[in-house]
Amino acid sequence: MKKLIFDFDGVLVDSMPYYTRAIVGILETRGIPYDRREVVQDVTTLSRAEIAGYLIDRLGVSATEDDIVAEIDGQSAKAYREVIPAKEGVPQTLRELRREGYSLSVLTATPHPLVDDCLCRLGLYDLFDRVWSCDDFDMSKNTPDIFRAAAERLESTPDGCIMLDDNITALTNAKASGMGTIGVYDPTSSRLNGQIKAICDDYVYQLRDLLPIIGNRRFPSVDAYISFHWDGVIRVCREDRDQRVGLPYPFTVPAVGYFETLYYWDTYFTNVGLLLDGRAMLAKNNTDNMLYLVEKYGFMPNSNGTYHLDHSQPPLLSLMVKELYDCYGDRVWLSGAYAMLCREYTYWMTGRSTPIGLNRYDTSITDRAYLATRAADYEMRIHQSLPGDRADIGRHYLATCESGYDCNSRFGTDIFRYAPVCLNSLLYRMEINMADFARILGMPEDESALWLRRAGERAERMRQYLKDADGCFRDYNFVTGKLSPDFSCASAFPLYAGLATEREAADFYSGFIAKLEAEYGVLANAKNDIPGSYQWGYPNGWAPHQMIVIQALDRYGYRADAARIAGKYLALVDRVFAATGKLWEKYNVVNGSNEVDDEDQGGMPPMMGWTAGVYRFAQAYRKEKQPK
Numbered sequence: 001m002k003k004l005i006f007d008f009d010g011v012l013v014d015s016m017p018y019y020t021r022a023i024v025g026i027l028e029t030r031g032i033p034y035d036r037r038e039v040v041q042d043v044t045t046l047s048r049a050e051i052a053g054y055l056i057d058r059l060g061v062s063a064t065e066d067d068i069v070a071e072i073d074g075q076s077a078k079a080y081r082e083v084i085p086a087k088e089g090v091p092q093t094l095r096e097l098r099r100e101g102y103s104l105s106v107l108t109a110t111p112h113p114l115v116d117d118c119l120c121r122l123g124l125y126d127l128f129d130r131v132w133s134c135d136d137f138d139m140s141k142n143t144p145d146i147f148r149a150a151a152e153r154l155e156s157t158p159d160g161c162i163m164l165d166d167n168i169t170a171l172t173n174a175k176a177s178g179m180g181t182i183g184v185y186d187p188t189s190s191r192l193n194g195q196i197k198a199i200c201d202d203y204v205y206q207l208r209d210l211l212p213i214i215g216n217r218r219f220p221s222v223d224a225y226i227s228f229h230w231d232g233v234i235r236v237c238r239e240d241r242d243q244r245v246g247l248p249y250p251f252t253v254p255a256v257g258y259f260e261t262l263y264y265w266d267t268y269f270t271n272v273g274l275l276l277d278g279r280a281m282l283a284k285n286n287t288d289n290m291l292y293l294v295e296k297y298g299f300m301p302n303s304n305g306t307y308h309l310d311h312s313q314p315p316l317l318s319l320m321v322k323e324l325y326d327c328y329g330d331r332v333w334l335s336g337a338y339a340m341l342c343r344e345y346t347y348w349m350t351g352r353s354t355p356i357g358l359n360r361y362d363t364s365i366t367d368r369a370y371l372a373t374r375a376a377d378y379e380m381r382i383h384q385s386l387p388g389d390r391a392d393i394g395r396h397y398l399a400t401c402e403s404g405y406d407c408n409s410r411f412g413t414d415i416f417r418y419a420p421v422c423l424n425s426l427l428y429r430m431e432i433n434m435a436d437f438a439r440i441l442g443m444p445e446d447e448s449a450l451w452l453r454r455a456g457e458r459a460e461r462m463r464q465y466l467k468d469a470d471g472c473f474r475d476y477n478f479v480t481g482k483l484s485p486d487f488s489c490a491s492a493f494p495l496y497a498g499l500a501t502e503r504e505a506a507d508f509y510s511g512f513i514a515k516l517e518a519e520y521g522v523l524a525n526a527k528n529d530i531p532g533s534y535q536w537g538y539p540n541g542w543a544p545h546q547m548i549v550i551q552a553l554d555r556y557g558y559r560a561d562a563a564r565i566a567g568k569y570l571a572l573v574d575r576v577f578a579a580t581g582k583l584w585e586k587y588n589v590v591n592g593s594n595e596v597d598d599e600d601q602g603g604m605p606p607m608m609g610w611t612a613g614v615y616r617f618a619q620a621y622r623k624e625k626q627p628k
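Residue numbers are given in this note's numbering: position 244 of the sequence shown equals residue 244, and the series is strictly consecutive.
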């Protein structure tokens, strides 16, 4: 059984915010101007001595390296001794590894007094056979020699040890020494994820994921994996900090150990799974947090990250409210939710209106110079250089983020000039839901009638502008007067929302079977020859689309087809889980793998959220639709 050696900061404890404050304090007390984001990015992989050199050489701090190191240690000592927390799942994972007989050690650049005091306060010190500071070896992690020396002191050889670290330099040298290596995710080093994954034997986003890898534990099924990991996606952030808006209740994030914020449309599908798994209170917490954000900002942002406050995501909050009301039947709660939903509706009807009376995705940012800087981000994601106005391309990118389909080929490079079929179908559903809520709350009849009239007018406009010659709904460019040439799962949304007639449903069905159903599930987009790499395109299949298509087909009587799609998704997730031991955010539905056309060069994280939710939904659907 191999001996496990853990880095401390960023692996066992979440110390970087406090460490950063110490570094920033050195600059601010001396009146030295700095870019906080740049400094944090630059120092995250450096030792204390290297940080001192950086501050002296790059930012002009007038002091010796020893003095700066002492100042960093002095300013951060109180935090280590009193407040720095263990990272999510660390205590439970360490105790489980100990029970399974593993030798556990710590090797860190942080001085002994800080490490020892922090581990003792957290009740973790006694779990380790050795706790080393680099000072114990008179070496840093910038050389493979320190890892060879650590193995020797453990009466082992390097190949009998595994180093777990978030620092690419340390991992590179550990591997050079002959040790096994496991990269550990930390937000401060996330920009290097791809490089870290490339050099390591394995990679985990949360320490609890070690258990299936090395802890003699293999989850026997997707069900067991989901049940084990629900707690791993729960976060608490009650106060504004670290580019996050504080939320009143615990919430879920999209992936195990990867995200720290509550995302909008991801959470709707997560909630579906939580409700089916009997975790209604957590689903209600998610929904209440969103209602809180609507009250605070007038709309539900993409997430509670401060960098997402310029745009929203597909408006699914009314569906979340409906499902929670169906669960609890609390009319007082529904009344408060109704008021917030009215505010969200206003957001879409004012800031996201079009000349044709339908709505669009966009961004509230109008600074063209800033928007131009985002064009390069978009080009990097799709691996394609683009002609045209740079500000418009940047605006398109941010608006695409609001659509949730970042990135796809449906809208060219001007999504803000389109009336998307998905958005307007969801707003139609919202209008229908609001009419129901008004009735339940005993409001005057004209309140409910107003919502129904709005829904009817929207349906008429969608038929006027968004229908193609074959009777299917497509995205419409209201500037050029042309429909998008792409055929995508967006065409299922009018059925999902209950807007389509029986004839329109039949038209979608005939096109869907031929173009979007693949061997292992539903494609996000039909195959096309548009250049670029789009993760919301062929051959990828996403959890939300599987559920939306299943419900769309079921609503119009195509239940055998819906059950077939549900079965395909369950089989696909089971198939890839058997090969990888994990759930993923998207799958290749053509070859039945997780080998996807992916814009993220760092690769996908293992997912829980909407994949787990839709898996639970598909299970329930198949069980419900089985012949009695």
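C-beta: ideal position from N, C-alpha, C; glycine also.
Cβ distance (whole Å) where residue i is taken to contact residue j below 8 Å
i	j	result
ALA492	TYR569	Actually they do not touch by this definition, with Cβ atoms about 14 Å apart.
TYR556	LEU495	6 Å
TYR397	ASP475	The pair is not a contact, with the Cβ atoms about 17 Å apart (cut-off 8 Å).
ARG279	THR261	Rounded, the Cβ-Cβ distance is 20 Å, inconsistent with contact.
ASP529	ARG410	Between ARG410 and ASP529 the Cβ distance is about 14 Å, and since that is not below 8 Å, they are no contact.
VAL222	LEU583	7 Å
ILE182	CYS161	Contact doesn't hold; Cβ gap of about 11 Å is too wide.
TRP610	ALA543	4 Å
Cβ-based burial, residue i [other Cβ within 10 Å; buried from 16]
i	result
ARG352	buried
ASP240	exposed
PHE6	buried
ASN591	exposed
TRP131	In the sequence on display, residue 131 carries Val and not Trp. Answer is buried; the Cβ neighbour count reaches 16.
GLY521	buried
GLY10	buried
ASP266	buried
ALA469	exposed
ARG36	exposed
GLY123	exposed
VAL256	buried
C-alpha gap between residue i and residue j, whole angstroms
i	j	result
LEU127	LEU94	7 Å
CYS401	THR306	15 Å
THR366	ASP389	14 Å
GLY602	GLN195	Residue placement at GLY602 is poorly supported in this model, since its pLDDT is 49, which falls under 50; the coordinates still yield a value, given next. Roughly 7 Å separates the two Cα atoms.
LEU386	MET179	44 Å
ILE393	SER76	43 Å
GLY629	ARG458	Because the chain here runs from 1 to 628, residue 629 falls outside it and cannot be looked at.
ALA578	VAL204	18 Å
MET430	PHE147	59 Å
GLY298	ILE56	45 Å
ASN594	LYS586	7 Å
PRO111	GLN535	44 Å
THR157	LYS87	29 Å
TYR54	LEU316	47 Å
MET443	GLY329	17 Å
THR580	SER484	37 Å
PHE512	VAL253	32 Å
VAL70	LYS175	Reading off the sequence shown, one finds Ala at residue 70, where the question assumed Val. Near 31 Å, if we compare the C-alpha coordinates of LYS175 and ALA70.
Proximity winner among the options, relative to residue i (alpha-carbon distances)
i	options	result
ALA518	ALA505, LYS482, ASP561	ASP561
ILE168	SER156, GLY160, VAL184	VAL184
ALA505	ALA376, ILE550, VAL294	ILE550
MET434	ILE415, ARG454, VAL421	ARG454
ASP209	VAL90, THR20, SER318	VAL90
LYS625	LYS582, LEU104, GLY609, ILE565	ILE565
ASP344	THR354, GLU323, LEU319	Note on residue identity: the sequence assigns Glu, not Asp, to residue 344. The residue with the shortest Cα to Cα distance from GLU344 is LEU319.
ASN285	TYR125, VAL294, LEU324, SER312	LEU324
ALA79	PRO113, ILE432, ALA49	PRO113
Where the beta strand (DSSP E) containing residue i begins and where it ends
i	result
LYS3	3–6
ILE162	161–165
LYS586	586–588
ILE182	180–184
TYR34	Per DSSP, TYR34 belongs to no beta strand (DSSP E) and is neither H nor E.
SER133	130–133
TYR203	202–204
Continuous alpha helix (DSSP H) stretch holding residue i: start and end
i	result
TRP230	TRP230 -> no alpha helix (DSSP H), and no H or E assigned at all.
VAL576	559–580
TYR263	That residue, TYR263, is in no alpha helix (DSSP H); it is neither H nor E in DSSP.
The ligand HEM heavy atom lying under 8 Å from the CB of residue i
i	result
ASP201	This structure lacks the ligand HEM; in fact it carries no ligand of any kind.
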